[in-house]
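Engineer: My questions all concern the structure below.
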Amino acid sequence: MLLNPLEGDPTDADSHIGGPMLWPIDEPWPHCDGAAHDPASGGEPFVGAVQLYRRDFPEVPFPEGTDLLQVFLCTLHHDLPHAYGPDVRLVWRDSTTVFELIEEEPEPHAQVEAYVPTVNVLEPIRYTEHADKVSGGTKIGGWTAWWQSGPVEFTCPDCGAEQRQTLSLATHEPSGDDVEWEFGREGNLNIFTCVRDVRHPIGVHVD
Ligand SMILES: [Zn+2]
Ligand SMILES: [Zn+2]
Numbered sequence: 392m393l394l395n396p397l398e399g400d401p402t403d404a405d406s407h408i409g410g411p412m413l414w415p416i417d418e419p420w421p422h423c424d425g426a427a428h429d430p431a432s433g434g435e436p437f438v439g440a441v442q443l444y445r446r447d448f449p450e451v452p453f454p455e456g457t458d459l460l461q462v463f464l465c466t467l468h469h470d471l472p473h474a475y476g477p478d479v480r481l482v483w484r485d486s487t488t489v490f491e492l493i494e495e496e497p498e499p500h501a502q503v504e505a506y507v508p509t510v511n512v513l514e515p516i517r518y519t520e521h522a523d524k525v526s527g528g529t530k531i532g533g534w535t536a537w538w539q540s541g542p543v544e545f546t547c548p549d550c551g552a553e554q555r556q557t558l559s560l561a562t563h564e565p566s567g568d569d570v571e572w573e574f575g576r577e578g579n580l581n582i583f584t585c586v587r588d589v590r591h592p593i594g595v596h597v598d
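In the working numbering, the protein residues as written are 392 to 598.
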């Protein structure tokens, strides 16, 4: 399913790209330890990138007791095993347990402009995707659009099960309304999760 982002003004109660995150005041905001930064520049707070509510996206494999997927990016270059790009952190949350929100989201001291999204609402387009006609837009599920590299098989480092593409963030949208971030050479940032438990460590791939 294509997320089909469109410029807008979402709140923390909406599904969105680049808008405010539903984050409780008593929980530490995710920080990158900076270990994979190039050049090494120390730790920085992650940036809220995507928020998907189960009521809008029941296709997402939400673990029992959660209804909100939050995607964070460390918006600096990272030298990852299958990616040169931002680092990714997923948070699976039960939104009904969040009462008091963080007052202000921490801002990194330095960011790579190309990894910072504009603010968008989502007007999803549901369709059946075939392996030989893969859409390059921002989407959940579906097939991986391999451009510059060949297919890579991802396995979970925790349990050895297969990892499947759960979310793909795109430089270019079919609608032409780009989020104005760029991954690789106008490519996609693909996020793979374990088929046994999406909370196991994820795979990140930039193509
Ligand atoms: Zn980082
Ligand atoms: Zn696993």
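Note that the Cβ used here is the ideal one computed from N, Cα and C, for glycine as well.
Would you be able to state if there are at least three C-beta pairs under 8 Å between the segment 523-537 and the segment 563-578?
Structural biologist: They touch, by the three-pair rule.
Engineer: Count the C-beta pairs between the segment 477-493 and the segment 442-459 that are closer than 8 Å, then say yes if the count reaches three, no if not.
Structural biologist: Because the criterion of three Cβ pairs below 8 Å is met, the segment 477-493 and the segment 442-459 touch.
Engineer: Assuming L471 contacts F437 under a Cβ cut-off of 8 Å, what Cβ separation, rounded to an integer in Å, is found between them?
Structural biologist: Going by Cβ atoms, the distance from L471 to F437 rounds to 15 Å, so no, they are not a contact pair.
Engineer: Decide if Y444 is buried, meaning its Cβ has at least 16 other Cβ atoms within 10 Å, or exposed.
Structural biologist: Buried, because 16 or more other Cβ atoms sit within 10 Å of the Cβ of Y444.
Engineer: Could you tell me the boundaries of the beta strand (DSSP E) in which D470 lies?
Structural biologist: Run containing D470: L459 to L471, per the beta strand (DSSP E) assignment.
Engineer: Under 6 Å Cβ to Cβ from P401, same chain only, skipping five residues before and after it: list those, please.
Structural biologist: Taken in chain order, the residues that qualify are H407, G410 and V512.
Engineer: What residues are listed by DSSP as bridge partners for Y506?
Structural biologist: Beta-bridge pairing links Y506 to no other residue.
Engineer: Could you name the residues, in chain order, whose CB is less than 6 Å away from a heavy atom belonging to ligand 1?
Structural biologist: Those residues, listed in chain order, are C423, G425, H428, E435, C465, L467, H469 and D478.
Engineer: Based on DSSP bridge pairs, tell me the residues matched to V441.
Structural biologist: Partner(s): I408 and V462.
Engineer: Please list, in chain order, all residues with a C-beta atom less than 6 Å from at least one heavy atom of ligand 2.
Structural biologist: Qualifying residues, in the order they occur: C547, D549, C550, A552, C585, R587, D588 and H591.
Engineer: So, are the CB atoms of E544 and H563 less than 9 Å apart?
Structural biologist: No, these two residues do not count as a Cβ contact at 9 Å.
Engineer: DSSP beta-bridge partners for D478?
Structural biologist: Paired residue(s): C465.
Engineer: Can you give me the start and stop residues for the beta strand (DSSP E) that F583 sits inside?
Structural biologist: F583 -> beta strand (DSSP E) spans N579 to C585.
Engineer: Report the rounded CA-to-CA distance for P499 versus P415, giving the unit in angstroms.
Structural biologist: Distance between the alpha carbons of P499 and P415 is about 19 Å.
Engineer: Can you tell me whether G433 is buried or exposed? The criterion is at least 16 other CB atoms within 10 Å of its CB, across all chains shown.
Structural biologist: Its Cβ having fewer than 16 others within 10 Å, G433 is exposed.
Engineer: On the CB-based measure, 16 or more other CB atoms within 10 Å of its CB, does G533 come out buried or exposed?
Structural biologist: Answer is buried; the Cβ neighbour count reaches 16.
Engineer: Just verifying my parser: in three-state terms, what is the DSSP assignment at T487?
Structural biologist: DSSP places T487 in helix when its eight states are reduced to three.
Engineer: Thinking C-alpha only, which one of P565, L467 and R517 is nearest G504?
Structural biologist: Residue identity check: residue 504 is Glu in the sequence provided, not Gly. Ranking the options by Cα distance to E504, first place goes to L467.
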